Every structure is written in structure tokens, then in C-alpha cells.
Amino acid sequence: MVKYLSQNKGNLNASNFANFITEYYGLLTKAISDSGSVPDTDFLDTQIEKIDWIKEWARVSMAYQKDTETYLKAMNRFYGGEMSCAGQLYTPMLGLASNTPEKAYELAYEHALFDLGYAKDISALVSAMTHMALRTTNMDSIINTATFVGPLGYQDSRLVGRISYDMADASVKKNTRFKATRLN
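Each residue of the sequence shown is one higher than the last, beginning at 3 in this note's numbering.
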């Protein structure tokens with residue numbers, strides 16, 4: 003991610019990210035056969051492990067660069083097509099490259115090429131929370147990011163977050179009413 007951020011400074015977008023993943027995959031695969039000689043077995047083990055891991059990501063990145071239909075088909079094969087929140091592996095870095103939690107969310111959401119549904123939102127929230135974590139020592143401010151940062155309106159759709167938020171809100175309201183009746 004550091005290499006991607008430094009190579010694309012000021013031009014971070016999903017297309018450049020997909021291209022970066024595809025190029026990285028290409029470099030790894032070319033390194034096996036470019037010398038024309040039989041590679042050392044330890045080198046081969048290491049290289050195959052790297053390729054095996056990145057090929058899932060490359061499949062989606064290559065499809066993203068091709069067209070929407072191909073991309074959607076590739077997404078359904080990515081780690082079985084589940085909501086993997088794969089973006090959580092790299093979106094914290096995008097929180098470092100953003101000026102506000104909202105911008106961190108938006109940038110990460112765009113880069114969450116490998117996530118489905120709510121997983122895109124979760125990966126984006128990780129970026130926004132990382133942004134906040136580096137600017138405050140107040141744990142509530144970091145946690146409240148999930149409540150107050152949501153430029154795409156997922157807050158109303160987050161079942162787990164909505165339930166806990168509703169419970170916390172009801173507790174605050176009951177506590178406020180209790181204090182008010184005690185004072186009277």
C-alpha cells in the first residue's frame with residue numbers, strides 16, 4: 003500500500019488501484035521465468051506463495067479493468083464471493099492519506115473493489131476510524147466515527163450498529179429523564 007500511495011499520490015482511485023494490483027501480479031509471475039534458467043526451489047516456493055495469495059486479487063482487478071459484467075462475475079469468485087471485508091487489510095492506509103474522516107471513508111469505499119455489500123461500508127469505516135485514531139486519544143471519538151461518518155447513508159442500514167446505537171440512545175434518554183425527575 004505504501005508503494006501504491008507513493009506512486010499515485012494525488013491520484014488515488016479505483017482504476018489506478020486495480021492497475022497497481024494487476025502490475026504487481028505481473029511482476030511476480032514474470033520473475034519466475036524471465037531469467038531463462040531453472041529457478042532455485044526456495045525462490046520458487048516463495049514466489050508461488052506470493053502469486054497464490056495475490057491471484058485472487060489480480061483476478062478481480064483485471065476484471066474491473068475490463069468491464070462491469072466481467073468484474074461482477076470475478077467478485078463472486080473472490081474468496082467464494084462472501085462479504086469478506088478484504089478491504090480491511092489495506093483501507094487503514096487510506097485513512098492516513100486523507101484530510102478528514104469523511105474523505106477517508108469515501109476514498110476507502112472507492113478502493114474496496116474486493117468487498118460486497120456492507121463489507122464495503124465496513125472497510126470504509128475502518129479507514130475513517132484509523133484517520134480519527136491518529137488525531138485523538140478519546141476512544142469515544144474513534145468509536146463515534148461509525149455513527150457520525152457515513153456519506154453514503156449506510157448508518158440506517160447497519161443492523162448491528164443500528165441496534166447498539168438505538169440501545170445506547172434509549173439509555174441516554176432514560177438517564178436524562180431520570181435525572182430530570184430526581185431534580186423535580
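Each residue gets a CB set at the ideal place from its N, CA and C atoms; glycine is no exception. Predicted model, so just to flag it, every value in this text is computed and none were measured.
Check, Outcome
"With DSSP collapsed to three states, give me the class of Leu29.", "helix"
"Taking the C-alpha atoms as reference points, what is the distance between Thr102 and His133?", "7 Å"
"Note down, in chain order, each residue of its chain lying with its Cβ closer than 8 Å to the Cβ of Leu136, except the 5 sequence neighbours on either side.", "Gly97 and Leu98"
"Return the Cβ separation of Leu109 and Ser100 in integer angstroms, given the expectation that the two are a contact with Cβ distance under 8 Å.", "6 Å"
"With distances taken Cα to Cα, identify the nearest neighbour of Gly89 among Asp123, Arg179, Arg61 and Asn15.", "Asp123"
"Give the secondary structure of Gly89 by DSSP, where H, G and I count as helix, E and B as strand, and everything else as coil.", "helix"
"Need the endpoints of the alpha helix (DSSP H) that Thr153 sits in, please.", "Position check: residue 153 holds Pro in this sequence, whereas Thr was assumed. Looking at the DSSP string, Pro153 is not in any alpha helix (DSSP H), and its letter there is neither H nor E."
"What are the start and end residues of the alpha helix (DSSP H) that includes Tyr81?", "Note, Tyr81: premise wrong, no alpha helix (DSSP H); not H, not E."
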